[in-house]
Every structure is written in C-alpha cells, then in structure tokens.
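**Student:** Take this structure, written in structure tokens, and hold onto it; I'll ask about it next.
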Amino acid sequence: MMAALDGFLASYGNLVNLCLLNTLLAYGVWLALAANMFTLGTGGFMAVGAYCSVYLTMQLGAPFAVAVVAGGLLAAAVALVIGAPVLRLRGDYFMLATFAFTEVVRVIALNWDAVTGGAIGIYGIPRYTETWQLVLLVLIALYFVFALRRSYFGRSIAAIRQDDVMSEAMGVNVFGQRLSLFVASGFVSGGVGGLAAHLNFFVGPSDFGLLRSVDALAYPILGGVNALLGPLVGAIFTTLLPELLRFSSQWREILMGLLILAVVLFLPGGAMSLLRWRPRKAAARRPSTQGAE
C-alpha cells in the first residue's frame, strides 16, 4: 500500500500539491465571498506573503513555519489597512479597488530588485513545503469553515449575504464582520503564497497578477459557495481540467472555457448543487408515482 502511494506521489506529486495549495486558496477566497466580497486582491496578498516568507528564510534564516505565519500576518495587516477604505465601496467599485491593489503590489515587486529580484524573480528557494503539511492544513481549513458556518458569527454572515441593509438594521455590525473576513482572507492568501514559494523553488511578479486572482475567485464559485466542500471541489476541478485536456493543445483553452461556462450557466449554485438537484427531482416524481398506485 505504501509502495503504491509512494509511486503515485512520485508521478503525480506536483499535481497533488497544486490541488492542495489551490484548495487552501479557495477557502481563503471563500471567507470573502461569504459576505458578498468579490475580491481580486488575492494575487497581491499572495505576493506579500511569498516575498516576506522567502526573505525571512533566505536572508534571516528564520524557521519555515515562522516565516509562513509571518507572511500571512503581514498580508493580514495589509488587508486591514486597505480594507478600512475599500470595504466602503460596493459591487464593481470594490472589485476594481482590489484589482488595483494587486497591480500595485505586482509593480512594486517588479521594481524592488533588492528584495524581490525584480522581473527576474528569486531562484533557489529551499523546498520546505511538503505534501503532508498541505493535507493537514486543508483538514484544518475544512474544520474551521465547518465550525464557522455553525457559529453565531457564521449565521450573521449568512444574513449579511442575503441582505446587508436588513442585517444592519437588526444590529449586526456589517462593516466590522466584513473587515474581519477580509483580513482573514488576506492572512490565508499570504500564507498560501509562502507555501507556494517554498514548493516551487522560484517566485516572480508574474506569479501574482490578475490571472491568479481570477483563478482563485473561480474556485469556490464553480464548486459552490454555499457548500462546505464547494471550494475544494472547485479547486480540484479547475486544477485538473487543463491536465485532462492535454490531448488537444490547440483546443485545450477553448474546451476549458466552454466547460466552465457550462457550469456557470446550468449550475449557478456550483458543481455541488448536483447533489441537491437529484434528490429534489426524485422527490418531485414520488407523489405522482404514489397517486398512480
């Protein structure tokens, strides 16, 4: 059994690690989406966490765990600073503001050669991130989200998602709770950035642009924001899809786009809504069957 597992990880270890990283990132984005915050700042928070953790491990000799946590905390601090003004915006303006933040961070990374290596990036990063660490962190994220959804805080978040004006009228601190979720999302994204940097041996400004933020936003939406396993399913589906479509290099991007479009159009609740759709269909047929008898 162990030999088979070792052989599988030897062949597909990089893909497994990427699925786990993207799952962690998906739950980080879910924290923002839970309160209707469609953020494009994920790439910027990842960059902050990645460069911070790499600097601590390579320049100051800090332990890996300390460096990753410090990267997450720095990203959370940045989220707190920009969140205070940005969260007063709504809809498209909020998305544009978070997108601008990601671009500002990318440009800074592109020009701050002394710390980020500039356009060349940083090579030779020690590989400290291991598969078992990522599995453990995914399990912790699942438990945290499960506990959060069942708590009073989680129920108030659900109310904010349904109608923030009514929630505020009933005494819910809408701004404070959204800010808390935005900071928590920044912390998770920054930590994932540090983990990714110490997994891939390299980090560069091109790794944290708009495309990274859009991909991260797609994970929980495609899987299902309202389902506990939705972000996990969306992250794995989106990560594996390009590999499954490798048989057609020319049509891969087109087929991938069509499949994602089909999920958005026909499964607005995400892929996890399939599990709720089938029982409803069966329940809808049951009365007519009993009446016929």
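Residue numbers (numbering that gives the first Met the number 0): 0 to 292.
In this text, a Cβ means the ideal position worked out from N, Cα and C, and glycines have one as well.
1) Whose CA, out of Leu73, Gly70, Phe100, lies closest to the CA of Pro84?
2) Is the beta carbon of Gly70 closer than 9 Å to that of Leu55?
3) Got a sec, what are the start and stop residues for the alpha helix (DSSP H) Ser166 sits in?
4) With which residues is Ile121 paired in a DSSP beta bridge?
5) Work out the CA separation of Val224 and Ala270 for me, nearest whole Å.
6) Grab me the residues of Pro230's own chain with a C-beta within less than 6 Å of its C-beta, minus the 5 sequence neighbours each way, in chain order.
7) Helix, strand or coil for Ser150, going by three-state DSSP, please let me know.
8) Within its chain, find whatever has a CB closer than 8 Å to the CB of Phe236; leave out the 5 residues flanking it on each side and keep chain order.
9) Looking only at C-alpha atoms, which of Gly12, Ala49, Val171 sits nearest to Leu73?
10) Taking the alpha helix (DSSP H) that Met45 falls in, what are its first and last residues?
11) Terminal residues of the continuous alpha helix (DSSP H) containing Leu89?
12) Who are the Cβ neighbours of Gly233 in its own chain at under 8 Å, not counting the five residues just before and after it?
13) Going straight from the alpha carbon of Phe201 to that of Met169, what length do you get?
14) In chain order, what residues of the same chain have a beta carbon less than 7 Å from the beta carbon of Ala66, not counting five sequence neighbours either side?
15) I'd like the list of long-range same chain contacts for Leu147, defined as Cβ closer than 6 Å, with 5 residues on each side in sequence excluded.
16) Taking only runs that begin and end inside the region 214-278, name each unbroken alpha helix (DSSP H) of 4 or more residues, in chain order.
17) Would you mind giving the Cβ-Cβ distance between Thr128 and His197, rounded to the nearest angstrom? I have them listed as a contact below 8 Å.
18) Which residues mark the beginning and the end of the alpha helix (DSSP H) in which Val114 is found?
19) I need the straight-line Cα distance from Leu293 to Asn13, nearest angstrom please.
20) Is Tyr26 helix, strand or coil by DSSP?
21) Using CA coordinates, which residue listed in Ala118, Ala113, Ile139, Ala183 is at the minimum distance from Val80?
22) Please check the pair Leu133 and Asn16, which I expect to be a contact at CB under 8 Å, by giving their CB distance rounded to whole angstroms.
23) How about Ala108 and Ala46: do their beta carbons lie closer than 9 Å?
**Tutor:** Walking through what the data contain:
1) What you label residue 84 is simply residue 85 of the sequence shown in a count that begins at 1. That would be Phe100, whose Cα lies nearest to the Cα of Pro84.
2) Position 56 of the sequence shown, counting from 1, holds the residue named residue 55. Position 71 of the sequence shown, counting from 1, holds the residue named residue 70. Cβ distance < 9 Å, so Leu55 and Gly70 count as in contact.
3) Taking the sequence shown and counting its residues from 1, the one referred to as residue 166 is at position 167. That run of the alpha helix (DSSP H) goes 163-168.
4) Here residue 121 corresponds to residue number 122 of the sequence shown, with the count starting at 1. The partner list for Ile121 (beta bridge, DSSP) reads Val202.
5) Numbered from 1 along the sequence shown, position 271 holds the residue referred to as residue 270. Numbered from 1 along the sequence shown, position 225 holds the residue referred to as residue 224. Cα to Cα, Ala270 sits roughly 10 Å from Val224.
6) Locating residue 230 in the sequence shown gives position 231, where the first residue counts as 1. For Pro230, where only same-chain residues beyond five positions count, the Cβ hits under 6 Å are Ala25, Tyr26, Trp29, Tyr218, Pro219, Gly222.
7) Here residue 150 refers to the residue found at position 151 of the sequence shown. Coil.
8) As a position in the sequence shown, residue 236 is number 237, starting the count at 1. Closer than 8 Å at Cβ, skipping near neighbours: Leu221, Gly222, Ala270.
9) In the sequence shown, the residue the question calls residue 73 occupies position 74. When only C-alpha atoms are compared, the closest one is Ala49.
10) The count along the sequence shown starts at 1 and reaches residue 45 at position 46. DSSP places Met45 in the uninterrupted alpha helix (DSSP H) bounded by 41-58.
11) Numbered from its first residue, the sequence shown carries residue 89 at position 90. Note that residue 89 corresponds to Arg in the displayed sequence, not to Leu. That residue, Arg89, is in no alpha helix (DSSP H); it is neither H nor E in DSSP.
12) Counted from its first residue, the sequence shown places residue 233 at position 234. So the list reads Ala25, Ala217, Tyr218, Pro219, Ile220, Leu221, Gly222, Gly223, Gly269, Ala270, once near-sequence residues are dropped.
13) Taking the sequence shown and counting its residues from 1, the one referred to as residue 201 is at position 202. Taking the sequence shown and counting its residues from 1, the one referred to as residue 169 is at position 170. Whole-angstrom Cα-Cα distance: 49 Å.
14) By one-based count along the sequence shown, residue 66 stands at place 67. Around Ala66: Ser52, Leu55, Thr56, Gly193.
15) For the purposes of this step, residue 147 is taken as the residue at position 148 of the sequence shown. Correct list, in chain order: Gly153.
16) 229-243, 251-265, all fully within the region 214-278.
17) Counted from its first residue, the sequence shown places residue 128 at position 129. Counted from its first residue, the sequence shown places residue 197 at position 198. Yes, they are in contact, since the Cβ atoms of Thr128 and His197 sit about 5 Å apart, within 8 Å.
18) Translated into the one-based positions of the sequence shown, residue 114 becomes position 115. For Val114, the enclosing alpha helix (DSSP H) begins and ends at 112-115.
19) Summary: the structure shown does not reach residue 293, with the chain confined to residues 0 through 292, and so no result is reported for it.
20) Along the sequence shown, read from residue 1 onward, the residue named residue 26 stands at position 27. Residue state, collapsed to three classes: helix.
21) The residue you call residue 80 lines up with position 81 of the sequence shown. With distances taken between Cα atoms, Val80 lies closest to Ala183.
22) Counted from its first residue, the sequence shown places residue 133 at position 134. Counted from its first residue, the sequence shown places residue 16 at position 17. So it is a contact: roughly 6 Å between Cβ atoms.
23) Taking the sequence shown and counting its residues from 1, the one referred to as residue 108 is at position 109. Taking the sequence shown and counting its residues from 1, the one referred to as residue 46 is at position 47. Closer than 9 Å, so yes.
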